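If you read the sequences in order, they're chains F and A. According to my numbering, the first sequence holds residues 8 to 279 in order. According to my numbering, the second sequence holds residues 10 to 253 in order. Okay, structure first, notes after.
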Amino acid sequence: MTTETQPGHDSRAESERQWMIRFDKVVKRFGDVTVLRELDFHVKPGERVTLIGPSGSGKTTILRLLMTLERVTSGTIEVDGRYLSHTRRGDRLVPADEKHLRQVRKKVGMVFQQFNLFPNMNVLRNITEAPVRALGVPRDQAEAKARELLELVELADKADKHPSRLSGGQQQRVAIARALAMEPEVLLLDEVTSALDPELVSGVQNLLRDIAQQGNLTLLCVTHEMRFARDISDRVLMFDQGQIVEEGDPEQIFTEPEHQRTREFLQAVLDA
Amino acid sequence: MTTINPCGAELPGTLGEAMPFLCRGAVVTLQSTLGGSVIAIAIALVVGLMATSRLRSVRGVARAYMEFFRGTSVLVQLFWLFYAMPILTGYQLDKVGAGILALGLNLGAYGSEVVRGAVQAVPPGQREAAVALNFTPYQRMRYVILPQAFVAMVPPMNNLLIELLKTTSLLSVITVTDLAYQGRLLVNSGSDQLVVFALMLVIYFLFSYLITLLMRYVEGRAARVVGRERPRRRRSAPAVEGAR
Numbered sequence: 008m009t010t011e012t013q014p015g016h017d018s019r020a021e022s023e024r025q026w027m028i029r030f031d032k033v034v035k036r037f038g039d040v041t042v043l044r045e046l047d048f049h050v051k052p053g054e055r056v057t058l059i060g061p062s063g064s065g066k067t068t069i070l071r072l073l074m075t076l077e078r079v080t081s082g083t084i085e086v087d088g089r090y091l092s093h094t095r096r097g098d099r100l101v102p103a104d105e106k107h108l109r110q111v112r113k114k115v116g117m118v119f120q121q122f123n124l125f126p127n128m129n130v131l132r133n134i135t136e137a138p139v140r141a142l143g144v145p146r147d148q149a150e151a152k153a154r155e156l157l158e159l160v161e162l163a164d165k166a167d168k169h170p171s172r173l174s175g176g177q178q179q180r181v182a183i184a185r186a187l188a189m190e191p192e193v194l195l196l197d198e199v200t201s202a203l204d205p206e207l208v209s210g211v212q213n214l215l216r217d218i219a220q221q222g223n224l225t226l227l228c229v230t231h232e233m234r235f236a237r238d239i240s241d242r243v244l245m246f247d248q249g250q251i252v253e254e255g256d257p258e259q260i261f262t263e264p265e266h267q268r269t270r271e272f273l274q275a276v277l278d279a
Numbered sequence: 010m011t012t013i014n015p016c017g018a019e020l021p022g023t024l025g026e027a028m029p030f031l032c033r034g035a036v037v038t039l040q041s042t043l044g045g046s047v048i049a050i051a052i053a054l055v056v057g058l059m060a061t062s063r064l065r066s067v068r069g070v071a072r073a074y075m076e077f078f079r080g081t082s083v084l085v086q087l088f089w090l091f092y093a094m095p096i097l098t099g100y101q102l103d104k105v106g107a108g109i110l111a112l113g114l115n116l117g118a119y120g121s122e123v124v125r126g127a128v129q130a131v132p133p134g135q136r137e138a139a140v141a142l143n144f145t146p147y148q149r150m151r152y153v154i155l156p157q158a159f160v161a162m163v164p165p166m167n168n169l170l171i172e173l174l175k176t177t178s179l180l181s182v183i184t185v186t187d188l189a190y191q192g193r194l195l196v197n198s199g200s201d202q203l204v205v206f207a208l209m210l211v212i213y214f215l216f217s218y219l220i221t222l223l224m225r226y227v228e229g230r231a232a233r234v235v236g237r238e239r240p241r242r243r244r245s246a247p248a249v250e251g252a253r
């Protein structure tokens, strides 16, 4: 087992130093369905963590909570020492307003399973629009940066193309460039290769591997590709029914999982 | 108004007799259509977006507006605006003004539904991506959602505008001197019914076709913005199909 679980006391100052992401007794319910049950987990700055587990185990919900696409039912989430969707008023925590959300969101970026490129903009514009509009970066500067990123994802020649003219793999690489253009500290990857044709998967994975190795980006990755999970992560969390059943470094989880549930899951995935 | 007539009083027979009047009526019809359209589109956008709000109260207001103005007839709304409002408020709109307002309010209610539907039909992933990229709620709507929803709005809006054009004929009941009014006047004063009614038919049709052409152009532009070709339309000219 790892030593990630921190002993008892937690003054704010310390948590600010140590954790990029911190879930504290997070509960998420959709109607009657409880997706996350009092979930606690922490991620260090620069750490690369993969979430695995059966569908419906709450992995994607964790990413969506971090991206503020959903709100917690109870409990708190902190990103880089700040409450994500709460603000402190006196002694109480109250739901945060849009302004606060936008502040905290600056640190987080996300790549989606379905790419979600904007069809009303060409590739370059997809990448520059948010920095220009949401961050106020001058357009020429944003474009220069976008072209660098397109270079990185090896699509420099596609800047003027329309997203629909690109293959799935290319679209996903643009989506990655688009997320990186916002210079997030945390990047969330939500089954980013699941919607791709098999022969396009490796291109995207290689790119992400490079990105993971270069930067000091904190990565949180939901995937069903175990080899990719193994390559990319420092730590793997196995989820089932809204809780972490096992965690450890990839080597340990994939070669000698301790829990029966993990073994069953890995067996099922590898057989598929 | 006796000497110069762009619509040719010198035309032979019933044509020469009717066209000057029909033309004047047509101009009024066109003005009412334009005015009504501007108001209807403005209302459709505002109320339609209100109907997609996350705030229940805002949605409620939009809902109430739509149901009320769709559920009561244009004619009755017209009577209220023109006859009843002056009694209640002491403010008398002129005939054309009241007509335009009634048309705008009524068709705007239908248009709101079009806007709401089109906005909600944009895949949720688009909004989520816009949130993830930290756009403000206004920016999400303005730069991501609306441009995509717009394409879907145009064809049903085309229907509504044609509907609006034809509904202008109701304005004749409050004695707005539109095409329908002039036509009936001509017939009542002894012009050949068949010719007059045929001319009215042609003029209404030309106007509605004009709207369709305009909206197709707009749709084509909008479709290109989201990277889709405009759906191909069959040509009536001798079909010269490309190889395929």
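Even glycine gets a Cβ: it sits at the ideal position worked out from N, Cα and C. Model, not experiment: these values are computed from the prediction.
Looking at A:N143: is its Cβ nearer than 9 Å to the Cβ of A:T221? no
Taking A:C32 as part of the beta strand (DSSP E), name the residues at either end of that continuous run. Looking at the DSSP string, A:C32 is not in any beta strand (DSSP E); the run it does join, the alpha helix (DSSP H), is 22-59.
Do A:G120 and A:A60 count as a contact pair if the criterion is CB distance below 9 Å? no
Any C-beta of chain F within less than 8 Å: which residues of the stretch 161-187 of chain A qualify? none
Does A:A141 get closer than 9 Å to chain F when you measure Cβ to Cβ? yes
Please list the segments of the alpha helix (DSSP H) lying wholly inside the stretch 86-164 of chain A, counting only runs of 4 or more residues, in order along the chain. 94-98, 104-130, 133-141
Please return the same chain residues whose Cβ sits closer than 8 Å to the Cβ of F:E198, not counting the five positions on each side in sequence. T67, Q120, V229, T230, H231
Please name the residues in the stretch 72-90 of chain F whose beta-carbon is closer than 7 Å to at least one beta-carbon of chain A, in chain order. M74, T75, L76
I want to see whether chain A comes within less than 9 Å of F:A7, judged by CB atoms only; does it? Here chain F comprises residues numbered 8 to 279, so residue 7 of chain F is not present and cannot be evaluated.
Chain A residues whose Cβ lies nearer than 8 Å to that of F:P170: G236
Given a threshold of 16 other Cβ atoms within 10 Å of its Cβ, counted over all protein chains shown, does F:I260 qualify as buried or as exposed? buried
Through-space distance from F:L224 to F:Q29, alpha-carbon basis: Here residue 29 of chain F turns out to be Arg, not Gln, going by the sequence shown. C-alpha separation (whole angstroms): 16 Å.
Is the distance from the Cβ of F:L214 to the Cβ of F:R185 below 9 Å? no
Residue of F:V33, F:E45, F:V50 minimising C-alpha distance to F:L194: F:V50
Indicate whether at least one CB of chain F lies closer than 9 Å to the CB of A:F144. yes
Under 7 Å, CB to CB, which of the residues in the stretch 142-158 of chain F have a partner in chain A? none
Apply the 10 Å Cβ neighbour rule to A:N197 and answer buried if 16 or more other Cβ atoms are within range, or exposed otherwise. exposed
Verify the contact flag: A:V56, CB atom, against every heavy atom of the ligand MN, threshold strictly below 8 Å. Within the structure as shown, the ligand MN is missing, as the structure has no ligands at all.
Since F:G116 meets chain A, which of its residues come closer than 7 Å, beta carbon to beta carbon? A141
Taking CB distances under 9 Å as the criterion, tell me whether F:M27 reaches chain A. no
Would DSSP call A:T184 helix, strand or coil? coil
Return the first residue and the last residue of the alpha helix (DSSP H) that F:H266 is part of. Where F:H266 is concerned, there is no enclosing alpha helix (DSSP H), given that its DSSP letter is neither H nor E.
Using only CA atoms, which one of A:Q148, A:A161, A:L179 lies nearest to A:A107? A:L179
Are the Cβ atoms of A:F78 and A:A130 separated by less than 9 Å? no
Are the Cβ atoms of F:V118 and F:L157 separated by less than 9 Å? no
Express the C-alpha separation of F:L273 and A:V153 in angstroms, rounding to a whole number. 40 Å
Between the C-alpha atoms of A:A207 and A:G192, what's the straight-line distance to the nearest angstrom? 10 Å
Counting only C-beta atoms, is F:E23 closer than 9 Å to chain A at any point? Annotation note: pLDDT 47 at F:E23 (below 50); position unreliable, no value reported.
Any residues in the stretch 30-41 of chain F with a beta carbon nearer than 7 Å to a beta carbon of chain A? Which ones, in chain order? none
Span of the beta strand (DSSP E) around F:L43: 40-50
Where F:D98 sits in the DSSP three-state scheme: coil
Under a CB-based cut-off of 9 Å, is A:V153 close to chain F? yes
Run of the beta strand (DSSP E) containing F:T83, from where it starts to where it stops: 81-86
Same chain only: Cβ atoms within 7 Å of A:A161, ignoring 5 sequence neighbours per side: A127, A130
Under 9 Å between C-beta atoms of A:Y213 and A:L173: no
Less than 9 Å between the C-beta atoms of A:Y100 and A:I183, yes or no? no
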